[in-house]
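S.K.: Sharing a structure with you now.
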Amino acid sequence: MSDYSDTEEHDPQADELRETALVTLEALISSCNQQMQPYITNASQAALRFLKYDPNVAELEDDEEMGGTQDDGSEDDATADLDDDEFGDFEEEDGYSDIDDMSWKVRRCAAKLLYTLISTYGRSRALDDASLYQQIAPALISRISREREESVKMEVISTLTALVHKTSEGSVIVTSNGFLETVGGSKNSRKRRRQDSDASMVDFEPSAGTSSAIDSPVVPSSPKSGPQADLARSVPLIVSSLVKAWKQASMPLRQAAVVLLKSLSLVRYGGLADHLQQIEYLIADALKTSSLAGSSAAHSGAAVSAGSLQIETLGLISAIAETHLSDALLPFLIALVPGVVGAVNERNYKVSSEALGAVEQIVKAMTPPRASANTPEVAKQLEKLYEVVLARITDTSADLEVRQRAIHVFGVILALTSGERGTEYLSADYRSKGLSILVDRVKNETTRLAAVRAIDDVVVLASRPEDVSADWVNEITLELGSNLRKSDRALRGSCLEALRSVAMNSSIRSQLSPTTMNTLENALLPLLSAPDFHLLTPTLIIIAKLVPGNSKSLVNESLIASICSIVKQPLVGTVLKALLLLVKVIGDEGAGAQLMQNLLQHVGITGDSSVVGRAIGTLLVHGGPNLGVTMNDFSNELSTAKDDSRKCLALAILGEIGLRMGAECALTPDIFIAHFNSDSDHVRLAAATALGNAAAGSVKTYLPIILSGLDKSNSQSYLLLHSVRELLQHPEVVRPDLAPAALKLWQALLVVSEEEDNRAVGAECVGRLALIDPVNYIPHFRDCLNNSDPVVRGVVISAFRYTLADSSDAYNDVLRPLMAPLLTNMLSDSDLGNHRLALTTLNSAIHNKMSLLLPHLGELLPAVFGDTQIKPELIREVQMGPFKHKVDDGLDLRKSAYETLYASLDTTFARNHISEIFDRVIAGVEDEQDIRAISNLMTSKLILIAPEETERRLDALSERYTAVLSFKPKENAVKQELEKAHEASLGILKTTKELSKAFPGAEASSDLHKWKGYMEWVRKNFASQWQSLDSEF
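Pasting the structure below:
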């Protein structure tokens, strides 16, 4: 290609050769990206050159179509560059017949090559942002309006879509449905069925509620430089080119244009605000297309029907409504409502369902709090949407999926038109009718679950009693309660969530009648005795909200018996907090005497002392003077009891009393510390926990005494660490009083954690302390990581890992600039144990802080690849009697590294480094069984993430699998070795089964001879195991 001269006569055979060369380049860059790095720049220049290769057309140098559109913010004069002689050497040639003109194939292959170059950008060191946005992007945009051949234009638009995705690759966008969506990062598939792949870019499945989904989107400001800035400058050109190409475009080309616009709306997030009027016609025109119009063939053999074009267009409307500010949107959306209404009534259930999703986003954009002001036109359009959705719900001939989605959208409409301004948007008659429809739907088995979730939406956003009638509230409450007996777990969970919303909303709760509350309590009580903690927590909260003002009827023997059965279980976290909330409410209502009697007589030491003790302590503080027992009774019990269980219970009770009474409590630290010398481990630990609980109520009194004992020379330091941990579990209570002594506590914790027995608890305490004041203490981690003592560094690494579970915005803001430097420092620790802790910390960060970590994975994960390799210097020989045994000290490190790689497979970095990851997976198959098991899990995931690369690696995998399956334990092998070999074989066979199912044509491929032979060998030698796996797959 580089030898071509523009003085030569055009030869069709030469065109065919160029086409083949471009296809070969594409395959090489896709499959052997690292090896092709030296040639990437030349390949991109060739692709740009031949993208304009059209010898049969002479174009003017000053293209009228592109004139005047590049004056907004373009510093590069990019479009002028397109007409340089470098890329214009084909445009003044003497043409030849259109019939013989096959040059479009060359241009199409050039566009495909650019697609592959863009898709692999990120692992290509030879390409930079300047190449993408100052050369490739302008060339693609210009080609949209100049290209004559349909299939080439399709490739150009698809390549431009890939470039838009790449601009924001890996950025996390929170959609209005509460879903986290990663824009970009799509698979680099050479087949590239792009018309189908982008259909689900925005997910509109029903969420748990709309209360968190109605805020106006935050439109980020464009940076002055970088990919986002380059894309922002290109948006006017892209929109203008698509608008001009629309009228003559076929259906597949229109769909590709819609997909590109949708990508722009998501990646730029509000970036189409200035162009809504331009694209309004395009969208309305696409919606007019009837799904009965048949289909036309798209290029590459993909069929694009009118229905799929409508689906993409409706997805575009949803994306724009979701990502743009409402004030700019209203005229645009109002103009499109008729087309969306028509799409809702389509017989094609996929089109109708997608149209309902668009209706949901339109309603959210038109109503408060996103919409600042109402107009009569908005109310008129909302009524139209209300009527079409209602018609879809009541149409029994409609597809069930459509009806269920319509019910969800109906719930959103009713929820967002509640409040003081609600009648401005939807009349009271419409609202009343809609609420009655939801009641009818919740009684129908096929639509019950969707109706329950819609009711939840309505109840969450009802802000005044007038929004719903008392009769409606009582009826739906009874209906929801009756569904708690159903076997459908999803239905029970949704009903419980809706009931919790009813109980939490004072405007709704106040309308419940006594009869309804008693009936509801009877429906809830069976859930209190069930071992399902997921249902237990909301049940306790619902009852706790109903009891105030209704204790005489609700606090009965059945409820007390249920509470007594709960406290016998070892509860922690939110379940325990919910239980204590209910006990507190019962005490505040003065109805706790019978509960106290039952807890003491029927539960006592038979239950979990920490749970029973905290419940009794809570009731004692809030239950008033008529409980029959006092704090002194338990103090005497503690000093006189001989039974360790009674002492543990008394300590737990007194600790909870100290927490809840605070400085008014007469208890002193000595009461608890006196039991640190008990012979019983249970008593000592109970005393330490109780001391921490009481200290949280009176920090100024207790903390100096605790600090005085936090010393390496103190044998009680381990117990005092447990006290500190318990104290720090109440951050909101202790934060003001803890601040003056926090630095001293920090230093004491680091010192005492140097003892091996104290490290785990000490690290947790350091982490909890850092979370109480992240602004001051998270930066201290960086200083401590430079400590010369590896023990201190290890404690700090463990403490930092503990903090990653916190999701507060305050912590994330502090952590954002420190995340990468901290993890880089940890991963460079020379101590083997600390290095492994650093890998587990990175793993935790991938799971908990992906949005903060994503921009830095390219800096952090390369070190992980190195840690997956076997290091001979960490293998040593140990003499065991007459035998020598090899011990691999690096095994745990490699295992942690593989676990971290597995956690990162869904990231953009992993998808750009699939080849390197597969190298480590194949090496892992030959490693120890623990690592082999992780490699098998990674292979299963890679089947979905990178199917083409997985298929290419089948031969290499088959060789390693054969070695594992061929291994025979020695005749004198012990039972453990036999089990280990069996587990290894079974894992390999399962993975082989998955691969065989995923790639059924691989055995017939002429390129995979080893895989074919391996599969025949497996079926012959492992016939019984192979057949038994059929039931699992």
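Sequential numbering of the sequence shown, starting at 48, is according to our numbering. Where is the CB? At the ideal position from N, CA and C, for every residue including glycine. Predicted, not measured: the structure shown is a model, and the values here were computed from it.
1) Per DSSP, what are the beta-bridge partners of Q926 in this structure?
2) Cutting at 7 Å between CB atoms, please list the residues of its own chain near P267, excluding the five before and the five after it.
3) Within 9 Å of any Cβ in chain D, is that where the Cβ of I825 sits?
4) At the level of alpha carbons, what is the spacing between E194 and W151?
5) How far does the alpha helix (DSSP H) with M551 in it extend, from its first residue to its last?
6) Would V838 and R806 qualify as a contact pair, given that the criterion is a beta-carbon distance under 9 Å?
7) Using the Cα positions of I425 and I381, report the straight-line distance between them to the nearest angstrom.
8) Let me make sure I understand the geometry here. Which of R155, N823, K1044 has the alpha-carbon closest to that of E63?
9) Considering only C-alpha positions, which residue in the set V506, H669, L797 is nearest to Q558?
10) Using only the alpha-carbon positions, how far apart do I261 and I367 sit?
11) Looking at W1058 and L1001, is the spacing between their C-beta atoms short of 9 Å?
12) Between the region 923-938 and the region 954-967, do at least 3 Cβ pairs fall closer than 8 Å?
13) Are the region 1008-1024 and the region 1053-1068 touching by the rule of at least three beta carbon pairs closer than 8 Å?
14) Is the region 871-887 touching the region 837-851 in the sense that three or more CB pairs, one from each, lie closer than 8 Å?
15) Give the C-beta separation of V9 and T360 to the nearest angstrom, bearing in mind that I take them to be a contact with Cβ-Cβ under 8 Å.
16) Rounded to whole angstroms, what is the Cα-Cα separation between P578 and I555?
17) Looking at L629 and I590, is the spacing between their C-beta atoms short of 9 Å?
18) Just to check my reading of the structure: I183 and K213 have Cβ atoms closer than 8 Å, yes? What is that Cβ distance to the nearest angstrom?
19) Within its chain, find whatever has a CB closer than 8 Å to the CB of M866; leave out the 5 residues flanking it on each side and keep chain order.
20) Alpha carbons only, please: which of V730, T414, I825, V798 is nearest the one belonging to F719?
21) Which value, in whole angstroms, describes the spacing of the CA atoms of N679 and R547?
22) So for V1021, helix, strand or coil by DSSP?
23) Quick check on DSSP: helix, strand or coil for I978?
24) Going by CA-CA distance only, name the one from A333, S419, L463 that's closest to Y433.
25) Flag this pair as yes or no: are the beta carbons of P821 and L862 separated by less than 9 Å?
26) Taking the beta carbon of H581 as the centre, do at least 16 other beta carbons fall within 10 Å, making it buried, or is it exposed?
27) Relative to the C-alpha of K1027, which candidate in G1048, K1040, R979, I990 has its C-alpha closest?
28) Is it the case that the region 509-516 contacts the region 452-466, given that we only count it when at least three CB pairs across the two stretches are under 8 Å?
29) Rounded C-beta distance between L543 and P585? I'm assuming under 8 Å.
30) If you check the beta carbons only, do G670 and G634 fall under 9 Å apart?
31) Are there 16 or more other CB atoms within 10 angstroms of the CB of K759, so buried, or fewer, so exposed?
32) Run through the region 654-678 for me and flag every whole beta strand (DSSP E) of 3 or more residues, listed as ranges in chain order.
33) Given that a residue counts as buried once 16 or more other Cβ atoms are within 10 Å of its Cβ, and exposed if not, what is P416?
34) In this structure, how does DSSP classify Y100 when only helix, strand and coil are distinguished?
35) Looking at the unbroken alpha helix (DSSP H) that takes in I454, where does it start and where does it end?
M.R.: So, from the data block:
1) For Q926, which the question treats as bridged, DSSP gives the partners K931.
2) Because the pLDDT of P267 is 49, which lies under 50, any placement of that residue in the model is unreliable, and the question is left without a value.
3) Among the chains of the structure shown, chain D does not appear; only one protein chain is present.
4) Here the C-alpha atom of E194 lies approximately 9 Å from the C-alpha atom of W151.
5) M551 -> alpha helix (DSSP H) spans 536-551.
6) In this structure, V838 places its C-beta atom within 9 Å of the C-beta atom of R806.
7) Ile is not the amino acid found at residue 425; the sequence shown has Val there. Approximately 7 Å, taken between the alpha carbons.
8) Minimum Cα distance to E63 is reached at R155.
9) When each option's Cα is compared against that of Q558, the closest is V506.
10) Any reading at I261 needs caution, since the residue's pLDDT is 46, under 50, leaving its predicted position unreliable; the model's value is listed next. Rounded to whole angstroms, I261 to I367 spans 15 Å at the Cα level.
11) It is a contact, given that the beta carbons lie within the stated cut-off.
12) With contact defined as three or more Cβ pairs closer than 8 Å, the region 923-938 and the region 954-967 are not in contact.
13) Yes, since at least three Cβ pairs between the region 1008-1024 and the region 1053-1068 fall closer than 8 Å, the two stretches touch.
14) Cβ pair count under 8 Å is three or more, so yes.
15) In the structure as shown, the chain begins at 48 and stops at 1080. Residue 9 is therefore absent and cannot be evaluated.
16) Straight-line Cα distance between these residues: approximately 30 Å.
17) By the CB criterion at 9 Å, I590 and L629 fall inside the cutoff.
18) Not really, about 10 Å apart at Cβ, beyond 8 Å.
19) Leaving aside the five residues that flank M866 on each side, the residues in its chain whose CB is nearer than 8 Å to its CB run, in chain order, A892, K896, L899, L900, H903.
20) Taking only the C-alpha atoms, the option nearest F719 is V730.
21) Looking at the backbone, the Cα of N679 and that of R547 are separated by about 38 Å.
22) DSSP, reduced to helix, strand and coil, places V1021 outside both helices and strands of the structure shown, so it counts as coil.
23) I978: helix per DSSP, three-state reduction.
24) Considering only alpha carbons, the answer is L463.
25) At a Cβ-Cβ threshold of 9 Å, P821 and L862 count as neighbours.
26) Around the CB of H581, fewer than 16 other CB atoms lie within 10 Å, so the residue is classed as exposed.
27) The residue from G1048, K1040, R979, I990 with its alpha-carbon nearest to that of K1027 is R979.
28) With the cut-off at 8 Å, the region 452-466 and the region 509-516 touch.
29) About 5 Å; that satisfies the 8 Å criterion.
30) Taking 9 Å as the Cβ cut-off, G670 and G634 qualify as a contacting pair.
31) Counting of Cβ neighbours within 10 angstroms places K759 among the exposed residues, the total staying below 16.
32) Qualifying beta strand (DSSP E) stretches: none in this window.
33) Exposure of P416 is indicated by the presence of fewer than 16 other C-beta atoms within 10 angstroms of its C-beta.
34) Of the three classes helix, strand and coil, the one that applies to Y100 here is coil, per DSSP.
35) 447-463 is the span of the alpha helix (DSSP H), which, as asked, contains I454.
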